[in-house]
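Line by line, the protein sequences give chains A and B. The letter at position 379 of the first sequence is residue 379 when you use the UniProt record's numbering, and the numbering goes up by one with no holes. The letter at position 320 of the second sequence is residue 320 when you use the UniProt record's numbering, and the numbering goes up by one with no holes. Here is the structure we will look at.
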Amino acid sequence: MKVILRATKETMQHIAKYRRSLFVMIIFIWITGVLAPFLQVVLPSLFLYLIETQQSFATLMVYAGGISLLVAILDSAHNYLMQTYDPKMYVIKCKLTLRLYEKAMHVPYAQVEDMEYRQLLNRAQTNGIDNSSVGFEHFVRNGMELLIAVTGFFLYAIVFGSMQLWLCALVVTLSLLSIWFMSKAQAYEHVRKQDYAKADQQLQYYHHEVKLPGNGKDIRIFHLQDWLLAKIRYFQKCRVEVLQEVERKYLWAKWGSTFLSAARNLIVFAFFLHELVNGMSVSVFVFYTGAAAAFSGWISKIVNFYNETRRGALGIIDYDTYMDLPIEEEGATLNVPDEDMEIVFDHVSFRYPQAEKDTLTDINFTIHKKEKIGIVGSNGAGKTTLIKLLCGLYTPTSGRILINGIDIKKFAKEDLFTHIAAVFQDSCAMAYSVKKNVACKTKDSIDMDLVWDCLERCELKTKVEQLPLQEDTYISNQISENGVLFSGGEQQKLLMARALYRKANLLILDEPSAALDALAEAALYENYERAAKECTSIFISHRLASTRFANRILLFDQGQLKEMGTHETLLQQDGLYARMFEAQASYYQEGGMKHESTTTRSVDDLALDS
Amino acid sequence: MKAQLQEAWTILRLIHKQRPYVIFYGFSASLLKTITAYLPLWFTSILINLFLAKTDTQSLFLSVLLFACCMLLSEGGQYVLEYRLNIAVKELELGLEKNISEKAMYLSYDKLEDKDTLDLIEKAKAGFMQNGGIQVMMAQFSALLEICCTMVISFGLLLYLLSCHGTNKEGILGFMDTFWAGLVLLMLLYGYALFGKYLSKGFSKAGMKFFDQNAKLSRENNYYSSEVALNQKMAKDVRLFQMQDTVLEEMAQRQQNSLKYFTIFNHRIAMLFSESVFLGNMMNGFFYMFVILKVYVKSIPVGDFVTYAGTITKLNDAISTFPIIYTDLMMLFHYMSYYNTFLQLADQKEDSDEISLQEDSVITFDHVTYAYPGSNQPALHDVSLTLEPHKKTAIVGLNGAGKTTLIKLLCGLYEPSEGTIRIDGKPVTAKQLSALQNKFGVVFQDFALFAGTLKENITCTPNEKDEAIRDVLNRSGFAKRLATLPDDIHTMLGVQENGIQLSGGEAQKVAIARALYADRPWIILDEPTAALDPLSEIEIYTHLNELIQNKSAIYISHRMSSCQFCDDILVFEHGNLIQRGSHAQLLQQDGLYQQLWTAQAAYFQEAS
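In structure tokens form, the structure reads like this:
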């Protein structure tokens, strides 16, 4: 009950904010919804009364015509309103949806990967806004029907109460009992929801994965169909089992309800029959028995609509729970000055929540203004984590990061981001227009001159000029008919244009060349070298080829900064870097690589990511 | 109209096939529900008539008891059937979804990559998922059955009513008591039903239009929400580049368009519906007048008034909602027809032949050309080559040169647009493609592992021996990581809560282990070390050579370094095979290979 009240409050706030006219509609729907059925019950007994009192045929016809007209108007008005309030609700739902996505995109990055957070988000989405049978829309629709049913119920209760208070009380008690039965069944369902959800989640995963073209190759090559189908069947069976148990509880509840309503009918009819035999007129008899039948109708409606309203309310609350999550950290208000960046890592350590050990341990280094740094190390060494810390996506577990002498925690994150341009391994073009991809701004805020300038510097200008809609062409085959797909190399250029548009003080490239062929890779590094002349930049790669562009190299291994220096000094040190370089270089030497056991043994010693 | 019914019949048969009895449950439940609704009316009439006929009190009370018992039976039975129905509907829904996934897994691969097929899959899914899914469809179906039962019963009662005559035949009243007057009323009723038909046409036309317009918009918004706004991988870029407003702008625009269409559709429906309700209520009025007349001239006993009054209301409700529910249901059936279309697509399950590819077999490409559907430029152009067994072959070239296409043709995922692929001289037929797919152990660049235990991911079936699994894991360099796994080879991999997330390199090793375990005559590795660091890379290549030994192997790699391990190198450019030879030979030629090699080698020669 509390749930519904809270949801009502929320709903009224939303309606007041976005579509006030909905209030008026709701009130009219309410009134017409109660009156129309009531009139329909009154009609038969009214006519019987008229016949009993020997009214003329003409009088009867007038009454019949008049009341029918009245009912016709009320009923059709009710239906019209019930239909036309849909778009208004849709508007509100759209706004709520956008707010959800806005929030999801602004939540601190560290939270995005958190399991609990994702569950909250999932629930907010699935139960709150996913379609018209959940959340806000569902709540309003059913809430209104509930309101009508409750009003009707009380109306009839008063009617009975005027006749015999005890009868009314009896009927109400029996009704409450049957509602109680249903609520037990519902409570059981609520408990089993977890099991539902788990099975559904698994099924969703498998159904989604097997349709992806990317996965389709392996499925066919390794004949995975039987295995995957077995998994699907298994989870389907689980799902049905849970349903059976829940439905069984409902069946018992409904039978209890049936029994109670049969008892009620028995009592009501017996009582009124007794009255009839003792002199009550037939028309009054018909009225009361008709009202009794309608009464039970209202009750089952109340039960039904109460359930559904509650479900909608829970969805609204899931939505609210998510929306109430905090965004900005306290005290971070400083703006980053627009100058070259000097970055200092001061005893920085980082551990993922729920991880057993640090991903990065006691990192210390300084990057000077306009310096070009290469970061190398094997997978899992912590390179990408380092970058995320640098960008402000994560916060160090201990130690500090200083940008031009100021602790990074003091800066407003959103502002910090505007000074950094990063291209990650999994970055790609988005399904909107070329110009939006480059500028990452809404239509009206794009500086087209700058966009063309960046495209030209990335050797993409000619290509874009030749597209069907030039800079307004969508990069996607999913969204618009005139959309185009860029090749891997063209995407890289686009990403670079995007990075350049920022005019950032810090440029970061994380393994951008993994998927490129040799010539494209060479071109890429050359282009970035040109672009990076203007600011501090960091290239990350586990292929040492990129390090030729670096002033200094930082070598990471298992979360620690192991070696640091220029390419030459590191080679001289004859440490890990030297070994890795030699391993790669040996391929390209005359005579090629020798598959000797010496190499293998030192590999085992140093093998980092197994 | 006829086509619609045809379609409905097909869908009903499909439903019945997928889950027998579900329609029976629906029908019986509806029937009982209708009866339950009529019982109070009947009994009230009977009671009144008995009372007016001065029956003794005891019999009257007995009939009340009878009434209560009938309600119990009827409603109780209804609930049992509904219980059965609910479970059957869920099983139906799950079964349909399984069918789609199963079909998707057995389709010929090139169809799966085709945008039209993907669209069809979306539509097939939307077919029974949209607008509340199959639950709603069956609920509407039950509602329709209920309406039909009501209409049949009501109509029967009304006909009976019309056949009742009083004794007084004088005047206007006398006339209106006759059958002919009743006929006029029936004509009115018929007219009203015709209006219902017009209504349903308008409703369905508007509905179809809206569905099509909206489907596109909601698909696009789904893309933005699942691939961008809520996507974990994109989260970094979204924040760093502050794409939030851009994305929201795109979505808001689509929402506005959707709202526009919706408002138009909705307005039309609202008008149609409320017109129908108004007229229905007026019809109600006419009928009332008629029944009152009959009572007034004593054609029927007073008690029956209650039944007929109630019947009129029910009939009116039924007639006014019939068009809406009927059209809604037809629309739902129409969406389902996409599902049907999808299921009719040919697949590889039923129609395949075996193929004989041994360890010593020679594979030949005979003027093979392949163009992607919808593309006018072939990805591979007139390629002829022979692949000898027990050799290691490398395939190199720039992006888009056709390397992966070649591989996909080789392992039977595609069928050549022109030319033939031969095994030991015998051409490979279309029916043999799926068998061919099982002859290669492949590790694609975008390989896929699925949620399941490590063991299942390697053996690809449950219940296999552990020894062989450990062996291949060892050989692919995964041994060290295996020691750190909580449940050894029974560790769950996956995206769900209890699954372990492997790093890119670790996953690649598992994929390699899977290919090795399959123990096929040919092994193909597409960029097998892309995600690995230099030292792991050497480890793989060294060990791979040991374990491949006599098998036939093909590597694709951008690292020219991997060519060192190979006996033979194929160089592709723009879909053509332009160079072929050993590393030493190709280095001497003044072509693309030399260019690629020099570009990479330069880094190391300059610096060292």
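Even for Gly, the Cβ is constructed at its ideal location relative to N, Cα and C.
Status (buried if at least 16 other CB within 10 Å, exposed otherwise) for residue i
{"i": "residue 292 of chain A", "result": "buried"}
{"i": "residue 608 of chain A", "result": "At residue 608 of chain A the pLDDT is 37, less than 50, meaning the model places this residue with poor confidence and gives no usable figure here."}
{"i": "residue 166 of chain A", "result": "exposed"}
{"i": "residue 596 of chain A", "result": "With a pLDDT of 36 at residue 596 of chain A, under the threshold of 50, the predicted position of this residue should be treated as unreliable, and no value is reported."}
{"i": "residue 180 of chain B", "result": "exposed"}
{"i": "residue 476 of chain A", "result": "buried"}
{"i": "residue 101 of chain B", "result": "buried"}
{"i": "residue 386 of chain B", "result": "exposed"}
{"i": "residue 152 of chain A", "result": "buried"}
{"i": "residue 278 of chain A", "result": "exposed"}
{"i": "residue 385 of chain A", "result": "buried"}
{"i": "residue 585 of chain B", "result": "exposed"}
{"i": "residue 382 of chain A", "result": "buried"}
{"i": "residue 430 of chain A", "result": "buried"}
{"i": "residue 75 of chain A", "result": "buried"}
{"i": "residue 603 of chain A", "result": "Confidence in residue 603 of chain A is poor, its pLDDT being 34 and thus under 50, which makes the residue's placement unreliable; the coordinate value appears in the next sentence. That one is buried."}
{"i": "residue 299 of chain B", "result": "buried"}
{"i": "residue 441 of chain B", "result": "buried"}
{"i": "residue 334 of chain B", "result": "buried"}
{"i": "residue 287 of chain B", "result": "buried"}
{"i": "residue 594 of chain A", "result": "Caution applies to residue 594 of chain A, whose pLDDT of 44 falls short of 50 and renders its modelled position unreliable; the value that the coordinates give is listed next. Burial call: exposed."}
{"i": "residue 9 of chain B", "result": "exposed"}
{"i": "residue 191 of chain B", "result": "exposed"}
Beta-carbon neighbours of residue i, restricted to chain A and to distances below 8 Å
{"i": "residue 263 of chain B", "result": "87"}
{"i": "residue 460 of chain B", "result": "222, 223, 224, 227"}
{"i": "residue 273 of chain B", "result": "79, 80, 83"}
Chain A contact residues for residue i, given Cβ-Cβ distances below 9 Å
{"i": "residue 229 of chain B", "result": "100, 101, 102, 104, 105"}
Contact belief for residue i with residue j at Cβ below 8 Å, rounded distance in angstroms
{"i": "residue 417 of chain A", "j": "residue 332 of chain A", "result": "No, residue 417 of chain A and residue 332 of chain A are not in contact; Cβ-Cβ is about 12 Å, not under 8 Å."}
{"i": "residue 302 of chain A", "j": "residue 170 of chain A", "result": "The Cβ separation is near 17 Å, so there is no contact."}
{"i": "residue 186 of chain A", "j": "residue 307 of chain A", "result": "6 Å"}
{"i": "residue 73 of chain A", "j": "residue 100 of chain A", "result": "Rounded, the Cβ-Cβ distance is 41 Å, inconsistent with contact."}
{"i": "residue 611 of chain B", "j": "residue 347 of chain B", "result": "Nothing about residue 611 of chain B can be read from this structure; chain B reaches only from 1 to 608."}
{"i": "residue 112 of chain B", "j": "residue 22 of chain B", "result": "Actually they are not in contact, since the Cβ atoms of residue 112 of chain B and residue 22 of chain B sit about 31 Å apart, beyond 8 Å."}
{"i": "residue 32 of chain A", "j": "residue 146 of chain A", "result": "16 Å between Cβ atoms; not a contact."}
Interface residues of chain B facing residue i [CB-CB closer than 7 Å]
{"i": "residue 213 of chain A", "result": "112, 113"}
{"i": "residue 68 of chain A", "result": "281, 282, 284, 285, 288"}
{"i": "residue 487 of chain A", "result": "399, 400"}
Contacts that residue i makes with chain B (C-beta to C-beta distance below 8 Å)
{"i": "residue 84 of chain A", "result": "266, 267, 270"}
{"i": "residue 239 of chain A", "result": "90, 94"}
Chain-ordered chain A contacts of residue i [CB-CB under 7 Å]
{"i": "residue 411 of chain B", "result": "221"}
Give the list of continuous alpha helix (DSSP H) stretches no shorter than 4 residues that lie fully inside the stretch 212-255 of chain B.
If one requires a minimum length of 4 residues, the alpha helix (DSSP H) runs lying completely within the stretch 212-255 of chain B are 235-240, in chain order.
Could you give the uninterrupted runs of the beta strand (DSSP E) lying entirely in the stretch 521-577 of chain B, keeping only those of 3 residues or more?
For the stretch 521-577 of chain B, whole beta strand (DSSP E) runs of length 3 or above, ordered along the chain, are 522-526, 552-556, 568-573.
Quick check for students: name the residue ranges of the beta strand (DSSP E) that lie wholly in the stretch 412-471 of chain B, counting only runs of 3 or more.
Segments of the beta strand (DSSP E) lying fully in the stretch 412-471 of chain B: 418-423, 440-443.
Enumerate, from N- to C-terminal direction, the unbroken alpha helix (DSSP H) stretches of 4 or more residues contained entirely within the stretch 1-48 of chain A.
Given a length threshold of 4 residues, each whole run of the alpha helix (DSSP H) inside the stretch 1-48 of chain A is given here in chain order: 2-18.
Going residue by residue through the stretch 278-348 of chain A, where are the continuous alpha helix (DSSP H) segments of at least 4 residues, counting only ones entirely within it?
Runs of the alpha helix (DSSP H) inside the stretch 278-348 of chain A: 282-323.
What are the uninterrupted segments assigned as alpha helix (DSSP H) that are 4 or more residues long and contained completely in the stretch 40-119 of chain B, given in chain order?
Counting only runs of at least 4 residues, the stretch 40-119 of chain B fully encloses the following alpha helix (DSSP H) elements, listed from N- to C-terminal order: 57-106, 109-113.
Unbroken stretches of the beta strand (DSSP E), 3 residues or longer, contained in the stretch 519-587 of chain A:
With a minimum length of 3 residues, the continuous beta strand (DSSP E) runs that stay inside the stretch 519-587 of chain A are 536-540, 552-557, 560-565.
Residues in the stretch 551-564 of chain A having any Cβ partner in chain B nearer than 7 Å
Identification of residues in the stretch 551-564 of chain A having a C-beta nearer than 7 Å to some C-beta of chain B yields an empty set.
Run through the stretch 112-199 of chain A for me and flag every whole alpha helix (DSSP H) of 4 or more residues, listed as ranges in chain order.
Counting only runs of 4 or more, we get 115-123, 135-163.
So if I threshold CB-CB distances at 9 Å, which residues from the stretch 526-541 of chain B count as touching chain A?
Within the stretch 526-541 of chain B, the residues whose Cβ lies closer than 9 Å to some Cβ of chain A are 527, 530, 531, 532, 533, 534, 535, 536, 537, 538, 539, 541, listed in chain order.
Counting only Cβ-Cβ distances shorter than 8 Å, please list the residues of the stretch 34-56 of chain A near chain B, keeping chain order.
If the cut-off is 8 Å between Cβ atoms, the stretch 34-56 of chain A has 40, 43, 44, 47, 48, 51 near chain B.
Residues within the stretch 345-371 of chain A neighbouring chain B, beta-carbon criterion of under 8 Å
If the cut-off is 8 Å between Cβ atoms, the stretch 345-371 of chain A has nothing near chain B.
Residues of the stretch 82-99 of chain B whose Cβ lies closer than 7 Å to any Cβ of chain A, in chain order
Flagged, chain order: 83, 86, 87, 90, 91, 94, 97, 98.
Of the residues that make up the stretch 265-290 of chain A, which ones have a beta carbon closer than 8 Å to any beta carbon in chain B?
Under the 8 Å Cβ criterion, the stretch 265-290 of chain A contributes 265, 266, 269, 270, 273, 276, 277, 282, 285, 286, 289, 290.
To be precise: take each residue of the stretch 187-208 of chain B, compare its Cβ to all Cβ atoms of chain A, and keep it if any distance is under 9 Å. Which residues remain?
Within the stretch 187-208 of chain B, no residue has a Cβ that lies closer than 9 Å to any Cβ of chain A.
Give the residues from the stretch 418-444 of chain B that approach chain A closer than 8 Å (Cβ to any Cβ), ordered along the chain.
The stretch 418-444 of chain B vs chain A, Cβ under 8 Å: 434, 437, 438, 440, 441, 442, 444.
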